[in-house]
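Going by mature numbering (1 follows the signal peptide of the UniProt record, and there is no 0), the letters in the sequence shown line up with residues -22 to -1, 1 to 624, in that order.
These notes concern the structure reproduced below.
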Amino acid sequence: MVSTKSWVTVFLTSLASKLALSTPVDKRGPDDDLATTALNNAYKVLNGTLKDGSKITTCTKSNVAVRKEYGDLSLDERTDYINAVKCLLAAPSKLSATQYPGAKNRFDDFVVVHINMTMHVHDTANFLHWHRYYIWAYETALRSECNYKGYQPYWNWGKYPDPNTSPIFNGDAYSMGGNGEYVKHAGYALGMASVNVPAGNGGGCVRTGPFANMTVNLGPLAPSVDPNLKIPKNPRADGYGYNPRCLRRDVNNYFTTRSSRPVDIANHIKSTSDIEVFETTLQKDVQSAFSLHTGGHYSIWGDPGGDFYVSPAEPVFWLHHGQVDRHWWIWQNQDPANRVQQYKGGTVMMQPNSPRGKITDIQELSVVAPKGFGGIARKSTIARTIARRYFDQERLGASFFFSRGGGDVGHAGKFFTSLASQLAHNVPHVHQFISDAITEQNDIANQSLRDQWRQLVFRPLSRLDGRSSLSSHVLVVDALVVDALDECDNENHIRIILQLLAETRFLQVRLGVLITSTPEVPIRYGFHQIPDSEYRDFILHDIKAATVDHDIFIFLYQEMGLIGGEYALGTGWPGEQALRQLVLNANGLFIWAVTACRFIREGRWYVAKRLSMMLEGSTFALAPEHYLNNIYTTVLKITIHEEYLK
Ligand SMILES: [Cu+2]
């Protein structure tokens, strides 16, 4: 039987390559057997009694969502899926056009959210969790916004040894579009120097199938294709600018025939019962970089498929991560009692010392969160709980909750007047000072935000002395920074408000200010790492290159100083010349500087070596995005593992 089966396999495979038929290597792989075990275990959970004595009643065997391998969908089902994705591509974006000019449609909203979250959802405790939520949100958008009746299909990487002839990439009317047109291009050195992914037969624009001539709008931020292909640079350093270009692919069988075969998938599932090991080895294989997650991305490759930040703009990303999710699901359900709740790892990429993730961590999805599941709602709950607690203790100075489209709370117009009237009511003595201000300037409600702040809040509070009861009060402002991207309608107002609120530190009385926001990297760093005097001018776009460089210098100066302190490298480290060189290498990309610092810090007793690697980058005349990418490549090359062994 075995020999017959192998023969059939060989026969079908060779036939497939000759006739470009879409034929799986095996109808069922060893991963499918594990999936069957997982499904049976999941049904047992469904039918059984939960730990707290309750029973699941809403989910039954007959109504649970079932996701399928793309090749197992009927042609009609494939058409429905394709049409739903095209519907998202045609639907309007829900993001601010000034903040994200490159987000031209609803599909792009998902890309923006991924770019925003990249540093927090890879190589962290929530890699699988966040991406599960993300995929589910996409599936939900397809269903609720585009009337799709099916579920998110997945791409079982090695099931079709040559993806180019598989149902996903074969380029027919039911595929997710064909390979890119052939253009001459170089391969890609991935991970350890021994792994060079050779250039495949594509590299150019996708010209066949339903996604032929699709336009990619955002990024690139970390392109991994040959620089000679001259992918146009994004007009903005943060990658959110509008940069229309074709969808490129170089679909290749390098991984699917070596390391992403069904047997490899099954072996990885069986390799560990610890989520941290599972999650780490899924993302990086310390020996060869042949990890399943990386392998999937680089089997599509191209632009934006090979871009660490922007890859969700490649429509097949969703099938790839659907499979990553399936992989984890199979692993979890081998032993649901012990594996479903496992959650381990850090919270910031490449920072092993970052706070450990907790199972109660909120997973942010911003504008792509399905209704009722917004991180925003839960974050507001935190702000509201704190405001309520301080209110009960009579220590709430004032609170303000931004909410988009919520009338007066959707913009900043009544922000300071509202704070002032609450302060007047809540804080003894302030009442008189504020009414004095209103008597002096009875037109205050119509003046600028800055004037309102000065007259109605700052000056009255300045008239209190240090012994005032205000010292125990707080101001609670919810959703000011990032949610303001979608919650407060004017980003300049947000920046002004941040700046003005920071002035509370000049008051004699101490007033705590609590601002809740999502952790968007550039703003967060602008907020926490840069001294306020510098931060004031830190507007990511439309600022001069010199200003950006100056900001990057300050950031590097601070961060490297901290690293020097941590590892006792002496006051001369790294030296002004090194800092200047790093600024040059960053070439205006703040995120490059952030990433470089993380990389260097993580080097521990190899920090000096890592610093020199970051400095060396300058000898090549490459785009800064390329350096960013080089950092990731270097990270794969120099694993922690290797260093600990030395
Ligand atoms: Cu991702």
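Cβ atoms here follow ideal geometry from the backbone N, Cα and C, with glycine treated the same way.
These numbers come from a predicted model, not from an experiment.
Under DSSP, the beta strand (DSSP E) around residue i begins and ends at which residues?
i	result
L374	374 to 379
G158	158 to 160
C183	181 to 184
From residue i to residue j, what distance separates their C-alpha atoms?
i	j	result
M591	A574	10 Å
N221	D86	12 Å
L442	N420	22 Å
P205	I422	56 Å
R236	G273	10 Å
A556	Y584	16 Å
A16	W309	8 Å
G182	G156	11 Å
H407	R367	22 Å
H163	D54	36 Å
R223	P79	15 Å
A68	P198	21 Å
T36	I541	52 Å
E257	L106	7 Å
A586	R579	10 Å
L589	D339	33 Å
R382	N174	Because the pLDDT of R382 is 49, which lies under 50, any placement of that residue in the model is unreliable, and the question is left without a value.
H403	R373	12 Å
E117	F189	18 Å
M538	P552	7 Å
K248	E481	56 Å
R121	P70	16 Å
Q325	F411	What sits at residue 325 in the sequence shown is Thr, not Gln. Spanning the two alpha carbons is a distance of roughly 45 Å.
H298	W570	27 Å
I113	K5	26 Å
V42	C124	20 Å
Can you check whether the CB of residue j is closer than 8 Å to the CB of residue i?
i	j	result
Q301	W135	yes
N142	V203	no
Y287	I416	no
A291	L196	yes
A347	A115	yes
L343	A376	no
Y126	D58	yes
residue 627	T193	The question about residue 627 has no answer, for the chain in this structure spans -22 to 624.
Q400	R576	no
R304	Y132	yes
W108	M97	no
I243	D9	yes
N25	N311	no
R227	G165	no
H100	Q261	yes
P201	G284	yes
T395	Q430	yes
Starting from residue i, trace the alpha helix (DSSP H) both ways and give me its first and last residue.
i	result
M192	Here M192 belongs to no alpha helix (DSSP H), and DSSP marks it neither H nor E.
K39	Unbroken run through K39: none, as it is neither H nor E.
A564	554 to 564
L24	8 to 25
Y48	First-last for Y48: undefined, no H or E at that position.
Y584	That residue, Y584, is in no alpha helix (DSSP H); it is neither H nor E in DSSP.
A315	314 to 317
V326	First-last for V326: undefined, no H or E at that position.
N331	Taken as a continuous stretch (DSSP letters only), N331 belongs to no alpha helix (DSSP H), as it is neither H nor E.
Q320	Taken as a continuous stretch (DSSP letters only), Q320 belongs to no alpha helix (DSSP H), as it is neither H nor E.
I340	No alpha helix (DSSP H) holds I340; DSSP gives it neither H nor E.
H528	523 to 544
F295	295 to 310
A402	393 to 404
R483	Careful: R483 lies outside any alpha helix (DSSP H) and carries neither H nor E.
I422	Element bounds for I422: n/a, residue is neither H nor E.
R441	Element bounds for R441: n/a, residue is neither H nor E.
Within the present structure, is the beta-carbon of residue i separated from the nearest heavy atom of ligand 2 by less than 7 Å?
i	result
V99	For the structure depicted, ligand 2 is absent and the ligand set comprises only ligand 1.
Run through the stretch 71 to 158 for me and flag every whole alpha helix (DSSP H) of 4 or more residues, listed as ranges in chain order. Positions of the alpha helix (DSSP H) runs, each at least 4 residues long and wholly inside the stretch 71 to 158, are given as 84 to 99, 105 to 124 in order along the chain.
Unbroken beta strand (DSSP E) runs of length 3 or more, entirely within the stretch 192 to 275: which are they? Counting only runs of 3 or more, we get nothing.
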